[in-house]
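Visitor: For the sequence shown, the working numbering begins at -14 and goes up steadily by one.
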Amino acid sequence: MMVDDLNMRWTHLMVSIPPFRIQIKQWSRRAAGITGLTALISLAVHIAALGYVGADAAPTSMHHEAWLLHRDQPTQPALIGSVDLPQPLSLQVARAARAGRVARAAFGFLPYWIDADYYDSIDFDLLTHIAPFSVEVNRDGSLGDDHGWPWTALVDRAHQHGVRVILTATLFGDEDVGILLENEVYRSRFMRQIRDKIRIGRADGVIIDFEGSGQNGWPDEIGDFLRTLTDYIHAEIPGSEVSFASPAIDWNNRWDFAEIADSCDYLFVMGYAFSGSWSGNTGPTAPLTGPGRTIATMLSDDRDYGQVTRHHPEKLILGVPYYGCQWKTLNGAPGASVEAFVNYPRLSDAVSQASLWGRRWDEQSQTAWYRFQDGEQWLQVWFDDMASLELKYTMALDNNWRGFGMWALGYEGNESAPWQLIERLNGHRVPTLVDLQDIGSVAFQVDPLYPNPFNASIQLTYQVAVAGRVQADLYDMLGRRVRSWSQHLTTAGRFAWRWDGRDRVGAEVASGVYAVLFRYTAGDGSAQTATRRMVLLR
-14 MMVDDLNMRW
-4 THLMVSIPPF
6 RIQIKQWSRR
16 AAGITGLTAL
26 ISLAVHIAAL
36 GYVGADAAPT
46 SMHHEAWLLH
56 RDQPTQPALI
66 GSVDLPQPLS
76 LQVARAARAG
86 RVARAAFGFL
96 PYWIDADYYD
106 SIDFDLLTHI
116 APFSVEVNRD
126 GSLGDDHGWP
136 WTALVDRAHQ
146 HGVRVILTAT
156 LFGDEDVGIL
166 LENEVYRSRF
176 MRQIRDKIRI
186 GRADGVIIDF
196 EGSGQNGWPD
206 EIGDFLRTLT
216 DYIHAEIPGS
226 EVSFASPAID
236 WNNRWDFAEI
246 ADSCDYLFVM
256 GYAFSGSWSG
266 NTGPTAPLTG
276 PGRTIATMLS
286 DDRDYGQVTR
296 HHPEKLILGV
306 PYYGCQWKTL
316 NGAPGASVEA
326 FVNYPRLSDA
336 VSQASLWGRR
346 WDEQSQTAWY
356 RFQDGEQWLQ
366 VWFDDMASLE
376 LKYTMALDNN
386 WRGFGMWALG
396 YEGNESAPWQ
406 LIERLNGHRV
416 PTLVDLQDIG
426 SVAFQVDPLY
436 PNPFNASIQL
446 TYQVAVAGRV
456 QADLYDMLGR
466 RVRSWSQHLT
476 TAGRFAWRWD
486 GRDRVGAEVA
496 SGVYAVLFRY
506 TAGDGSAQTA
516 TRRMVLLR
């Protein structure tokens, strides 16, 4: 192996494992002249000594870094609410929401680690979609920690305001993502299990947040995976949405964004993380303009989203950062050399600190920043404030994109300005709060369960006003489907289904809490649902 070949490997490693950029660069200089297998072994040993052990040690994205920071935090109880299952998004509320004044999609990720007092600050009438973050996915397609899903309080409140709930499914790291996508058994397992999670939580779809550098080729598989998943979820859950969180820039020619956009309902383009913990110089996390590739070039460059913007702009949502980057720096000049990464301040903190230290504006990138000194040490923070966010929102809307979105709700804290900006640019939906208990009570109704708890069997009785079809799906509290049953009804009346405590293969199930989801579809295609919980005591 020639030294030039080895240098190419060093360059790639500096991109792939950002936290160790400086150390690898310095070591590579000392290694000049070393060739062949010896250099590769030495490089591998050096990386191991630095502690690089996979996805957990080397974050692959902002979403991943945030998850690593908060992975052990519990889900805020305010999001979960009662133990009852959520109510679905009803036709009545959905139609009222569509008749409102919100112009385009406003999509917000909502992490489980939001501050306890934030939940009441969400203005649901300014959102069209909210994405609980997240249900974790394992490499074999099974689901891991769901962080308390279903979040009944959140889903019910969102649905009362006509907001669609899109469950986030996360998997980080090239190796894990590649293993899942290359194995049909693992793919099928994931599709079944995420379908069940969507159903049990009454969500309105799923956004796939699989991330990694893609150096093992998994981006070549994602289009086919998404197409199969989209067809499957659409068939299993009519009216649902399937989307993908995609990178802003194809830095290494690994992505076909046009194909990926065609394979699902839409893409949430993560228009951030241009700078971060790996950066050698300070700079914007989401440059609108400037040298090289930016948010503006992303819309027109065919290497990125130019083709999709021209032909299918309705497939794209522009994600913006509600966070900034803070570094210790060599001096106070913009673009100064980084001495150490500090943290990712939330939007609310950056706004308040900028007012204290003096907010500055970078004309080149059209973003905000500020600087201050701690003794002799210079520090810089670059972030998007209302002025830079407005420019990005406007660019997305002017290019007829589906809308815009935020990573992440909660990071604006109690600041009202971000909500006011959304209202000014995108409109405010007419409030659609309704009593969900009254919806569909005439056309379809499930009677109270009795006896409950039960031992041997339980009868579930329901009434329909007109002929139609009833589908009943029984789930345990892990979201696994235990039993299914359906009936075509040619007349109105009262009907019943008796469950004997056995699964679909006839085996007795364990004691515990179970939920049955009824879906009634009338002859005109309109649908209503109802849920009941029961306790089995052996």
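The beta carbon of each residue, even a glycine, is placed where N, CA and C say it ideally should be. Remember, predicted model here, so these are calculated numbers, not experimental data.
Going by CA-CA distance only, name the one from 384, 305, 345 that's closest to residue 393.
Guide: Residue mapping note: residue 393 aligns to position 408 of the sequence shown, counting from 1. Residue 393 has its Cα closest to that of 305, out of 384, 305, 345.
Visitor: Across which residues does DSSP place residue 491 in a beta bridge pair?
Guide: For the purposes of this step, residue 491 is taken as residue 506 along the sequence shown, with counting starting at 1. Partner(s): none; residue 491 has no beta bridge.
Visitor: Would you identify the three-state DSSP class for residue 401, choosing helix, strand or coil?
Guide: Sequence index remark: in the sequence shown, residue 401 carries index 416 (1-based). Residue 401: coil per DSSP, three-state reduction.
Visitor: Is the segment 455 to 467 in contact with the segment 485 to 502, if contact means three or more CB pairs nearer than 8 Å?
Guide: Yes: at least three Cβ pairs fall under 8 Å.
Visitor: Excluding the five sequence neighbours on either side, which residues of its own chain have a C-beta within less than 8 Å of the C-beta of residue 317, listed in chain order?
Guide: By one-based count along the sequence shown, residue 317 stands at place 332. Within the same chain, residue 317 has close Cβ partners 356, 358, 363, 365.
Visitor: With distances taken Cα to Cα, identify the nearest neighbour of residue 478 among 470, 447, 505.
Guide: In the sequence shown, the residue the question calls residue 478 occupies position 493. For the residues 470, 447, 505, the minimum Cα distance to residue 478 belongs to 447.
Visitor: What ranges does the alpha helix (DSSP H) occupy inside the segment 152 to 187, keeping only unbroken runs of at least 4 residues that lie completely in it?
Guide: Listed in chain order, the complete alpha helix (DSSP H) runs (minimum 4 residues) inside the segment 152 to 187 are 159 to 167, 169 to 185.
Visitor: Does the segment 382 to 402 come within contact of the segment 301 to 315, defined as at least 3 CB pairs closer than 8 Å?
Guide: With the cut-off at 8 Å, the segment 382 to 402 and the segment 301 to 315 touch.
Visitor: Cutting at 7 Å between CB atoms, please list the residues of its own chain near residue 432, excluding the five before and the five after it.
Guide: Residue mapping note: residue 432 aligns to position 447 of the sequence shown, counting from 1. For residue 432, where only same-chain residues beyond five positions count, the Cβ hits under 7 Å are 446, 447.
Visitor: I need the DSSP call for residue 232, collapsed to helix, strand or coil.
Guide: Residue 232 sits at position 247 when you count from the first residue of the sequence shown. In the structure shown, residue 232 sits in a strand (DSSP, three-state: E or B).
Visitor: Go to residue 346, then tell me how far its beta strand (DSSP E) extends in each direction, as first and last residue.
Guide: Taking the sequence shown and counting its residues from 1, the one referred to as residue 346 is at position 361. Unbroken beta strand (DSSP E) run through residue 346: 345 to 347.
Visitor: Please report how far the alpha carbon of residue 259 lies from the alpha carbon of residue 55, in whole angstroms.
Guide: Taking the first residue of the sequence shown as position 1, residue 259 is located at position 274. Taking the first residue of the sequence shown as position 1, residue 55 is located at position 70. In a straight line, the C-alpha of residue 259 is about 22 Å away from that of residue 55.
Visitor: From residue 382 to residue 286, what distance separates their C-alpha atoms?
Guide: Locating residue 382 in the sequence shown gives position 397, counting from the first residue. Locating residue 286 in the sequence shown gives position 301, counting from the first residue. When rounded, the distance between both Cα atoms is 18 Å.
Visitor: For the alpha helix (DSSP H) holding residue 379, just list the boundary residues, first then last.
Guide: Numbered from 1 along the sequence shown, position 394 holds the residue referred to as residue 379. Where residue 379 is concerned, the enclosing alpha helix (DSSP H) stretches over 371 to 383.
Visitor: With DSSP run on the structure shown, which of helix, strand or coil describes residue 522?
Guide: Position 537 of the sequence shown holds residue 522. Coil.
Visitor: Measure the C-alpha to C-alpha separation of residue 388 and residue 488 and round it to an integer number of angstroms.
Guide: For this step, residue 388 is matched to residue 403 along the sequence shown. For this step, residue 488 is matched to residue 503 along the sequence shown. Whole-angstrom Cα-Cα distance: 44 Å.
Visitor: Report back the beta-carbon spacing between residue 94 and residue 153 to the nearest angstrom; my notes put them in contact at under 8 Å.
Guide: As a position in the sequence shown, residue 94 is number 109, starting the count at 1. As a position in the sequence shown, residue 153 is number 168, starting the count at 1. Contact flag correct, Cβ pair sits at about 7 Å.
Visitor: Given residue 343, which residues of its chain have a CB within under 7 Å of its CB, disregarding the five upstream and five downstream residues?
Guide: On the sequence shown, position 358 is the one that residue 343 refers to. Excluding sequence neighbours, residue 343 sits near 355.
Visitor: Taking residue 461 as part of the alpha helix (DSSP H), name the residues at either end of that continuous run.
Guide: Here residue 461 is taken as the residue at index 476 of the sequence shown, counted from 1. Unbroken run through residue 461 is the beta strand (DSSP E), 453 to 461; no alpha helix (DSSP H).
Visitor: Under 8 Å Cβ to Cβ from residue 418, same chain only, skipping five residues before and after it: list those, please.
Guide: Sequence index remark: in the sequence shown, residue 418 carries index 433 (1-based). Caution applies to residue 418, whose pLDDT of 38 falls short of 50 and renders its modelled position unreliable; the value that the coordinates give is listed next. Closer than 8 Å at Cβ, skipping near neighbours: 145, 146.
Visitor: Check this for me: beta carbons of residue 455 and residue 504, under 9 Å apart or not?
Guide: Numbered from its first residue, the sequence shown carries residue 455 at position 470. Numbered from its first residue, the sequence shown carries residue 504 at position 519. Contact: yes.
Visitor: In three-state DSSP terms, what is residue 62?
Guide: Counted from its first residue, the sequence shown places residue 62 at position 77. Here residue 62 sits in helix by DSSP.
Visitor: Let me know if residue 411 comes out buried or exposed under the rule of 16 or more other beta-carbons within 10 Å of its beta-carbon.
Guide: The residue given as residue 411 occupies position 426 in the sequence shown. By the neighbour-count rule (16 or more Cβ atoms within 10 Å), residue 411 is buried.
Visitor: For my contact list, residue 216 and residue 174 are in at a C-beta cut-off of 8 Å; report their separation, rounded to the angstrom.
Guide: Along the sequence shown, read from residue 1 onward, the residue named residue 216 stands at position 231. Along the sequence shown, read from residue 1 onward, the residue named residue 174 stands at position 189. Rounded, the Cβ-Cβ distance is 17 Å, inconsistent with contact.
Visitor: Return the residue from the list 273, 401, 179 that minimises the CA-CA distance to residue 333.
Guide: Your numbering for residue 333 matches position 348 in the sequence shown. The shortest Cα separation from residue 333 among 273, 401, 179 belongs to 401.
Visitor: Here's the rule: buried if 16 or more other CB atoms are within 10 angstroms of the residue's CB, otherwise exposed. What is residue 340?
Guide: Here residue 340 refers to the residue found at position 355 when the sequence shown is read from its first residue. Label assigned to residue 340: exposed.
Visitor: Given a cut-off of 9 Å on the beta-carbon distance, is the pair residue 347 and residue 300 in contact?
Guide: Numbered from its first residue, the sequence shown carries residue 347 at position 362. Numbered from its first residue, the sequence shown carries residue 300 at position 315. Not in contact: residue 347 and residue 300 (Cβ atoms no closer than 9 Å).
Visitor: Residues in its own chain within less than 7 Å of residue 74 by CB, not counting five upstream and five downstream?
Guide: Taking the sequence shown and counting its residues from 1, the one referred to as residue 74 is at position 89. Taken in chain order, the residues that qualify are 144, 149, 189.
Visitor: Mapping the DSSP letters down to three states, classify residue 516 as helix, strand or coil.
Guide: To locate residue 516, count along the sequence shown from 1; it is residue 531. In the structure shown, residue 516 sits in a strand (DSSP, three-state: E or B).
Visitor: Can you list, in chain order, the residues of its chain with a C-beta nearer than 6 Å to that of residue 376? Leave out the 5 residues immediately preceding and following it.
Guide: If you number the sequence shown from 1, residue 376 lands on position 391. Contacts found: 273, 351.
Visitor: If the criterion is Cβ atoms closer than 9 Å, does the pair residue 229 and residue 292 meet it?
Guide: One-based indexing of the sequence shown puts residue 229 at position 244. One-based indexing of the sequence shown puts residue 292 at position 307. Cβ distance not < 9 Å, so residue 229 and residue 292 don't count as in contact.
Visitor: List, from N- to C-terminal side, the beta strand (DSSP E) runs of 3 residues or more that fit wholly inside the segment 187 to 214.
Guide: If we require 3 residues or more, the beta strand (DSSP E) runs fully inside the segment 187 to 214 come out as 190 to 196.
Visitor: Quick one, are the C-beta atoms of residue 439 and residue 494 less than 9 Å apart?
Guide: The sequence position of residue 439 within the sequence shown is 454, counting from 1. The sequence position of residue 494 within the sequence shown is 509, counting from 1. No, the pair does not count as a contact, with Cβ atoms beyond the cut-off.
Visitor: Which of the three DSSP states, helix, strand or coil, is assigned to residue 91?
Guide: Within the sequence shown, the letter at position 106 stands for residue 91. Here residue 91 sits in strand by DSSP.
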